[in-house]
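Below is one structure, written out as structure tokens; the observations come after it.
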Amino acid sequence: MITKKKRIDGQVIARDVISSIQSETKKLIQETHVTPGLAVILVGENPASLIYVASKSQKANDCGFHSIQRTLPADSTEEEVLNHIRKLNDDQTIHGILVQLPLPDHINEKTVIQTVAAEKDVDGFHPLNVGKLGRGDLSSTFIPCTPAGVMLLIRRFLGDDLSGLNAIVIGRSNIVGKPMAHLLLNANCTVTIAHSQTNNLSKLTRITDIVVVAVGQPQMVKRDWIKPGAMVIDVGINRIVTSEHGERKFRLIGDVDYEGALVNAAYVTPVPGGVGPMTVALLMANTLASACRFAGYKIPKF
Ligand code: NAD
38 MITKKKRIDG QVIARDVISS IQSETKKLIQ ETHVTPGLAV ILVGENPASL IYVASKSQKA
98 NDCGFHSIQR TLPADSTEEE VLNHIRKLND DQTIHGILVQ LPLPDHINEK TVIQTVAAEK
158 DVDGFHPLNV GKLGRGDLSS TFIPCTPAGV MLLIRRFLGD DLSGLNAIVI GRSNIVGKPM
218 AHLLLNANCT VTIAHSQTNN LSKLTRITDI VVVAVGQPQM VKRDWIKPGA MVIDVGINRI
278 VTSEHGERKF RLIGDVDYEG ALVNAAYVTP VPGGVGPMTV ALLMANTLAS ACRFAGYKIP
338 KF
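In structure tokens form, the structure reads like this:
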């Protein structure tokens, strides 16, 4: 059983990871003259995507990477977007390519994901990398950044080997839920995947040591859903409207009733400041890993 009560501070851990990436990047450049290169492509001007892309490019700069950002007009044709990707696939200075989702409706997301070279797919969405993760071949794939970040948090507190522990992943998306379940399975957990069609969800969570929630429903997971001593990881990000002095404001909350969960749980991640900062840090870790593979250099573990 997990003991000890703690708020998991994703910001502090993400800063620690970024600081290690900075020093590993310096070593890589000194010893191989290879500078990790990250290209971020944005199609259109979705306001949330603009913020995400800017923060990813900024973080890449902070890490000492070669960072480029391409913003294509919303009415770009699919072929134009694919051509951009193909050029970056051939560019020896770029080791990671990320196409910010969602894409405009007239562009096929699957085609775009499959056009990114699998060896530069730092988002871990290419079918080849998804397949490797499913086979447990973690050393030669890219793990999607959010589940990779969650796993790093879990490892820091519970260790690498989760033998004997039960985990539940609530949500079965391709970018969070499914890869998360594979990672937990790979760490020897006994894993349940729950989703919108699952009955008696709270009955399942009450007997589970590790609860990862990635749904997008504000505070769905309540205090009495949590087994005493459990670890609760809240991936959800929900923007809710509040009113202060008659003024409309937005606030971010997770899928878990944080204060309630803290009563029973040993560890809980807050929103914001839990999983969110880890996602960007792990994108940088994947880009560094890709550059290390390219240079034939040992990949650092965080
Ligand atoms: P998604 O919409 O693709 O998937 C949601 C999943 O939740 C589905 O599998 C669905 O079956 C399940 N679900 C819906 N209602 C449910 C219910 N009542 N009970 C149980 N399961 C239910 O979403 P996603 O892309 O996986 O993202 C999930 C959440 O995580 C969102 O809030 C998203 O904003 C957030 N997110 C955060 C980060 C981060 O960096 N922190 C990254 C990605 C996603």
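Take the sequence shown: its letters are residues 38 to 339, numbered as in our numbering. We treat Cβ as the ideally placed atom computed from N, Cα and C, and that holds for glycine. Quantities reported herein were computed from a predicted structural model and do not represent experimental measurements.
Cβ-Cβ distance between residue i and residue j below 7 Å
i: L289; j: C182; result: no
i: V228; j: L220; result: no
i: T242; j: I205; result: yes
i: V250; j: V187; result: no
i: N323; j: F179; result: yes
i: A332; j: V71; result: yes
i: F194; j: Y295; result: no
i: V248; j: V269; result: yes
i: V77; j: L140; result: no
i: A224; j: L189; result: no
i: A155; j: N145; result: no
i: G273; j: G297; result: no
i: P110; j: L170; result: no
i: D271; j: G291; result: yes
i: P265; j: N301; result: yes
i: T108; j: Y334; result: no
Bridge partners - residue i, DSSP secondary structure assignment
i: T279; result: K286
i: Y295; result: Per DSSP, none; premise fails for Y295.
i: V54; result: None; V54 has no bridge partner.
i: H103; result: G74
i: Y304; result: K43 and M268
i: V206; result: I230 and V249
i: L79; result: T108
i: I134; result: A76
i: V258; result: V293
Buried or exposed (CB count within 10 angstroms, at least 16 for buried), residue i
i: I263; result: buried
i: E61; result: buried
i: T40; result: In this prediction, T40 scores a pLDDT of 48, lower than 50, which makes its location untrustworthy; the coordinate-derived value is nonetheless stated afterwards. So T40 ends up on the exposed side.
i: I336; result: exposed
i: H121; result: buried
i: T245; result: buried
i: S177; result: exposed
i: I74; result: Checking the sequence shown, residue 74 turns out to be Gly, not Ile. Buried is the call here.
i: S92; result: exposed
i: C329; result: buried
i: F342; result: Here the chain covers residues 38 to 339 and nothing more, so residue 342 does not appear.
i: K43; result: exposed
i: M38; result: Per-residue confidence for M38 stands at a pLDDT of 48, beneath the threshold of 50, marking its modelled position as unreliable; the derived number appears in the next sentence. By the neighbour-count rule (16 or more Cβ atoms within 10 Å), M38 is not buried but exposed.
i: P164; result: exposed
i: I131; result: buried
i: Q256; result: buried
i: S327; result: buried
i: K157; result: buried
i: S94; result: buried
i: V149; result: buried
i: A85; result: exposed
i: G214; result: buried
i: I88; result: exposed
i: R52; result: exposed
i: A233; result: The sequence shown places Ser at residue 233, not Ala. By the neighbour-count rule (16 or more Cβ atoms within 10 Å), S233 is not buried but exposed.
i: S280; result: exposed
i: P307; result: buried
i: H282; result: exposed
i: G168; result: exposed
i: S56; result: exposed
i: G196; result: exposed
i: R285; result: exposed
Whole-number beta carbon distance between residue j and residue i, since they are thought to touch under 8 Å
i: V317; j: K96; result: 5 Å
i: I58; j: C100; result: 5 Å
i: G310; j: D46; result: 7 Å
i: L79; j: Q151; result: L79 to Q151, Cβ: 19 Å. No contact.
i: A185; j: I207; result: Their Cβ separation, rounded to whole angstroms, is 18 Å, which puts A185 and I207 out of contact at 8 Å.
i: F2; j: V54; result: The first residue shown for the chain is 38 and the last is 339, placing residue 2 beyond what the model contains.
i: H143; j: E115; result: 7 Å
i: C226; j: N211; result: About 20 Å; that fails the 8 Å criterion.
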